[in-house]
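Worksheet: one structure, shown below.
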Amino acid sequence: MSTHFHVSGTGITGPLARRASGNYKWWVLITAIFGAFVSILDATVVNTALPHIQLAFGTDLHTASSVVTGYLLAQGVVIAASGFLATRFGIKRVYLLSLALFTFFSALCGLAWNIESLIFFRVLQGAGGAALFPLSFSLVFAAFPEEQRGLANGIFGIPVLVAPALGPVIGGYLAQYVDWRWIFYLNLPIGILGIIICWRMLHESE
């Protein structure tokens, strides 16, 4: 079942237009923030933890750096297909699947037993979550009428802009005072909550 709504210069039409008022659009915004935040946060959260990962697995810094570059490269490759997949299968379905895959592979990253498995799971985490940012923006754009998109984009932009700066701080603190694995476990409650909200509150079509 495909998504039946259209975006025009004056707003949206179709089933989503009737849901663009009231609480629905705010649930869309919350869901979009969850996905975009964790996806962008994980691009930088590992940076300051690399020495701890290097020490834990007895590897060199060059190899440990692949934990960062593998994630970013996987996102860059897969993100181009997010628009096609959303058109083919629906934005909610692809977004929900992307958030679920991101959360699942975050858990596996935390459970990694050597540097090779960590790099492998990070690549899958990046690929799985690649659609989160572009589709979260699409969700917000479609859910809000034209006159409220500036407000919505402003609210949406705050965590998106803050996430890259918070990443090294959070990653460094967890690696130093808790355990570097909690860098990835941190995604689990955020991801699960986002999945629940998306599953229960967002609608694909009527």
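Going letter by letter, the sequence shown gives residues 986 to 1191 in our numbering.
No residue lacks a Cβ here, since even glycine has one placed at the ideal position from N, Cα and C.
Note that this is a predicted model, so its numbers are computed, not measured.
The beta carbon of Q1060 sits closer than 6 Å to those of G1111, A1115, all from its chain and outside the five residues before and after it, given in chain order. Rounded to the nearest angstrom, the Cβ distance from W1012 to L1187 is 7 Å, consistent with a contact under 8 Å. Closest in C-alpha terms to T1044, from the list P1153, E1101, G1156, comes E1101. Under the three-state reduction of DSSP output, L1058 falls in the helix class. DSSP places V1147 in the uninterrupted alpha helix (DSSP H) bounded by 1134-1162. For F1090, same chain residues with a beta-carbon under 6 Å away, outside a window of 5 residues either side, are F1106, L1109, Q1110, G1113 in chain order. With respect to the 9 Å criterion, V1145 and A1137 are not classified as neighbours on the basis of their beta carbons. Cβ-Cβ distances below 6 Å link G1152 to L1026, T1029, V1030 in the same chain, with the five nearest sequence neighbours on each side left out; the list follows chain order. Annotation: W1167 to G1135 spans about 35 Å, alpha carbon to alpha carbon. DSSP places W1011 in the uninterrupted alpha helix (DSSP H) bounded by 1009-1029. Residues I1025, A1028, T1029 of the same chain have their beta carbon placed closer than 7 Å to that of P1149, with the five preceding and five following residues left out of the count. Boundaries of the alpha helix (DSSP H) harbouring T1072: 1067-1074, taken from the DSSP string. Taking the C-beta atoms as reference points, G1176 is found nearer than 9 Å to L1084.
Contact check for I1104 and V1052: beta-carbon distance about 6 Å, within the 8 Å limit, so the pair qualifies.
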